[in-house]
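Everything in the sequence shown is counted per UniProt numbering, starting at 1 for the first residue and increasing by one.
A short worksheet on the structure shown next.
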Amino acid sequence: MASTSSSHQSRLPSSVFNPRRHVGVHAERVSDVTNTEYPGHYPDEDHSWDLSKFKKTLQVSVKRLSQRSVEFDLVGVDASIANAFRRILIAEVPTIAIEHVYVWNNTSVIHDEVLAHRIGLIPLNVKPSHFDFRLQNDLPTDRNTLVFRLQVACERDKNAPKGSASPYINEYAKSGDLIWVPQGEQESVFVNNIPAPTNKDIVLAKLRPGQEIDMELHGIKGVGKDHAKWSPVATASYRLHPLILLNPSKPVPAHLATKFTNCFSTGVVKVDADGKVSIDERNLRKESMSREVLRHKEFEGCVELKRIRDWFIFDVESEGPYAPEALFPEAIKDLGSGAVVADGDGDVEMAGAAMSTPALPAFNQSAKFQYTESPNPSFTYGQKVDTTTEGKEWLEGEKAGWKLVDTSKEDPLKLYALMISGIVPRPIAFISSISDAGVENLAPFSWFNMVSHNPPVISVSCSNVAGRLKDTARNVKATKGFTVNIIIGEWPLSGLTKEPSIKVKPPRVKESAFSLECELFQAIDIVHPETGVATTTLILGLVKCVHVRNDMLNERGIIDPAKYKAVGRMGDISYCRVGDGFRLTRPAWKLEGESIQEFLKGLDTPAAQL
1 MASTSSSHQS RLPSSVFNPR RHVGVHAERV SDVTNTEYPG HYPDEDHSWD
51 LSKFKKTLQV SVKRLSQRSV EFDLVGVDAS IANAFRRILI AEVPTIAIEH
101 VYVWNNTSVI HDEVLAHRIG LIPLNVKPSH FDFRLQNDLP TDRNTLVFRL
151 QVACERDKNA PKGSASPYIN EYAKSGDLIW VPQGEQESVF VNNIPAPTNK
201 DIVLAKLRPG QEIDMELHGI KGVGKDHAKW SPVATASYRL HPLILLNPSK
251 PVPAHLATKF TNCFSTGVVK VDADGKVSID ERNLRKESMS REVLRHKEFE
301 GCVELKRIRD WFIFDVESEG PYAPEALFPE AIKDLGSGAV VADGDGDVEM
351 AGAAMSTPAL PAFNQSAKFQ YTESPNPSFT YGQKVDTTTE GKEWLEGEKA
401 GWKLVDTSKE DPLKLYALMI SGIVPRPIAF ISSISDAGVE NLAPFSWFNM
451 VSHNPPVISV SCSNVAGRLK DTARNVKATK GFTVNIIIGE WPLSGLTKEP
501 SIKVKPPRVK ESAFSLECEL FQAIDIVHPE TGVATTTLIL GLVKCVHVRN
551 DMLNERGIID PAKYKAVGRM GDISYCRVGD GFRLTRPAWK LEGESIQEFL
601 KGLDTPAAQL
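As structure tokens, then:
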């Protein structure tokens, strides 16, 4: 039987009618469930995975979006990938949920532990990105714990009319009775979005006069694979797109058209004035594939039921902390962070880590720093770039044009990636600080540099998350002191040793050959001009003391770069070390004044104005 459809008249892409993409749906079984387009299956056909081909065939399109749910199509991926996204949505995208319940009083009819479990399942409208995961032995802080108070007492309503069905005040303890108790800096972080349950009408317990509930509730960050209460979705499911193929050589008899139509979901099959049936492809996705049509012998050979193997219809319902349209991107990020890359030897590494390839040479441990002559030893004043071979090659690149980035419209993450790849290399330092409570902190920074030498002042820039200060910035503001420890060498950064400082409280790193003890000179909050949020804190530190190892110094008392082996930060996960250095002679007016004057004569600007 030629089970085909008039694909040239179809609203669906012609590739949909490729039998290799079909899963057969029969009365009591399914067939062709396995993808066959892989290397070696078809003679003389290359089906090896290709990134450019994958990009062309991959499609993601949103079909329905509401405040709580989204329906979208994912086309061009294997079932294993689609199922991975489904499982990640259910079990690995983090949320905040009540984990610890402290019961001060509970005289309701519900036992403490049962009530605690009910409270734990309340979905909270809180962005998980504002919080860190709280590990088993961690103490609660404003960075890892959200605190609520539940205080409800039932009493008789003296003003209730006689015979009222509800003569009580607070006869129900509901999710809306959870009152957020800000901790630390949380009040400033959540000033525009107060943490609360997504649904305030969830009944927790029924109360009668004299009964009350008084509890303190601690919410922490978690994932659904640990407990369902942390799952960000109510449902996350997918189904394969249905396909109904009518046999043109055996049309459905006109007198059976109505019966045939009733075998499918409403709107899927349409009948014209002559009783001819056809498939309304606009409603094809509504088909439930009940197989009702296969029960009737009179329709045998008239129709084939298929599903498209790589066309997934996702239906995702959010529980609140994420907008429905944001859930799938979160799942993509989670899958990418856990992906691995296998090299030719079978070794694997995390995709978010080095992303190196077998073509990269091994790190050269024996490389030595050396001075070379300048790139253009024959340079003369006013010499144009295009006078050298390298200069001509450099100017040739301008033919590709320029990209203009409007920072007010660019995505902050993309702008960050661009800036850190262009402003290079940057020195790396460990900043040691201490809190009011005496808790020590050590954090790496590449947004660090020298500002002035008289007085000696350095700068450290700390990005704030949702207006919240990082530990380093908060500690420095509170205790006014910190140390800067320059990172050198190519050894793994582990097992660092604390060394007492002389001028400030925070310790320095003993393994650093160059350390600065600093006290807070000024802290400047950089406020975004459009949002009004302090996105960065610039710390200016007055250098009070310098520690430098003697073996790093040359005979002039300054750092010897050959011994220092400075490491710099490039873009993304790339770093560099100082290899070659070259010297440029400073121009001396007494010796070269005439040649400089000669060059200036050819300029429009008089020499006296320069």
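Each residue gets a CB set at the ideal place from its N, CA and C atoms; glycine is no exception.
Since the structure is predicted, the reported quantities are computational estimates derived from the model, not experimental observations.
Open item on the list: Using a Cβ-Cβ cutoff of less than 7 Å, which residues in the same chain neighbour E298 once the five nearest sequence positions on both sides are dropped?
Closed with: L256
Task: Integer-rounded CB distance, given that T235 should sit under 8 Å from D315 - done: 7 Å
- [ ] Assign N449 to buried or exposed, taking buried as 16 or more other Cβ atoms, counted over all protein chains shown, within 10 Å of its Cβ.
- [x] exposed
Open item on the list: So for W49, helix, strand or coil by DSSP?
Closed with: coil
Open item on the list: In this structure, how does DSSP classify S61 when only helix, strand and coil are distinguished?
Closed with: strand
TODO: Quick one: residues in its chain with C-beta nearer than 8 Å to the C-beta of F54, no 5 flanking neighbours on either side, listed in chain order?
DONE: G76
Task: Endpoints, the alpha helix (DSSP H) within which F190 is located - done: Element bounds for F190: n/a, residue is neither H nor E.
Task: CA-to-CA distance, T145 to Y102, given in whole angstroms - done: 14 Å
Open item on the list: For a test of the three-state rule: what should DSSP assign to residue 665, helix, strand or coil?
Closed with: In the structure as shown, the chain begins at 1 and stops at 610. Residue 665 is therefore absent and cannot be evaluated.
Task: Through-space distance from E37 to K56, alpha-carbon basis - done: 16 Å
Open item on the list: Between the alpha carbons of Y371 and A562, how many angstroms are there, rounded?
Closed with: 9 Å
Task: Contacting residues, own chain, Cβ-Cβ under 7 Å from I90 (five flanking each side not counted) - done: G224, S231, V233 and A236
TODO: Give me the Cβ distance between A205 and A165, rounded to the nearest whole Å; I'm assuming they're in contact under 8 Å.
DONE: Actually they do not touch by this definition, with Cβ atoms about 19 Å apart.
Task: DSSP state of H433 mapped onto helix, strand, coil - done: It should be pointed out that residue 433 corresponds to Ser in this sequence rather than to His. Strand, per DSSP.
Open item on the list: I'd like the span of the beta strand (DSSP E) that includes H218, first residue to last.
Closed with: E212 to G222
- [ ] Provide the residue(s) that pair with A97 in DSSP beta bridges, ordered along the chain.
- [x] I220
- [ ] Enumerate in chain order the residues of its own chain whose CB-to-CB distance from L121 is below 6 Å, with the five nearest sequence positions on each side excluded.
- [x] K229
Open item on the list: Just to confirm, is the Cβ distance from I539 to S512 under 7 Å?
Closed with: no
Open item on the list: If you reduce the DSSP assignment to three classes, tell me which class W447 lands in.
Closed with: coil
- [ ] Report the rounded CA-to-CA distance for residue 628 versus G184, giving the unit in angstroms.
- [x] In this structure the chain extends from 1 to 610, so residue 628 is not present and cannot be described.
Task: Anticipated Cβ contact below 8 Å, H453 with R508, distance rounded - done: The pair is not a contact, with the Cβ atoms about 20 Å apart (cut-off 8 Å).
Open item on the list: Give me the residue from I119, R118 and Q211 with the minimum Cα distance to E155.
Closed with: Q211
Open item on the list: My output table needs one value for N283: the three-state DSSP class, helix, strand or coil.
Closed with: helix
- [ ] Provide the residue span of the beta strand (DSSP E) that contains R484, from first to last.
- [x] Looking at the sequence shown, residue 484 is not Arg but Val. Residues G481 to I486.
Task: Secondary structure of N441, DSSP reduced to three states - done: strand
Task: F133 burial status per 10 Å Cβ neighbour count (16 or more: buried) - done: exposed
- [ ] Look at the alpha carbon of N137 and the alpha carbon of S446, and state the distance between them as a whole number of angstroms.
- [x] 30 Å
Task: Cut-off 6 Å between Cβ atoms - residues of its own chain near G489, not counting five sequence neighbours on either side - done: Caution is warranted here: a pLDDT of 44 is assigned to G489, below 50, making its placement in the model unreliable, and the coordinate value is therefore given only provisionally. Excluding sequence neighbours, G489 sits near K565.
Task: Residue of I110, V484, F148 and E113 minimising C-alpha distance to V126 - done: F148
TODO: Buried or exposed for S5, please, with buried defined as at least 16 other CB atoms from any protein chain shown within 10 angstroms of its CB.
DONE: Low confidence applies to S5: its pLDDT is 46, below 50, so where it sits in the model is not reliable, and the reading given next is rough at best. Classification for S5: buried.
Open item on the list: Please report the distance separating the alpha-carbon of D525 from that of L115.
Closed with: 44 Å
TODO: With a 10 Å radius around its C-beta and 16 neighbouring C-beta atoms as the bar for buried, classify E390 as buried or exposed.
DONE: exposed
- [ ] Measure the Cβ-Cβ separation of P321 and M289 and say whether it is below 7 Å.
- [x] no
Open item on the list: For P444 and A437, what's the separation of their Cα atoms in angstroms?
Closed with: 22 Å
- [ ] Using 6 Å as the cut-off, classify the Cβ of S31 as near or not near the heavy atoms of the ligand ATP, replying yes or no.
- [x] The ligand ATP is absent from the structure shown, which contains no ligands of any kind.
Open item on the list: To the nearest angstrom, how far is the alpha carbon of F430 from that of K409?
Closed with: 33 Å
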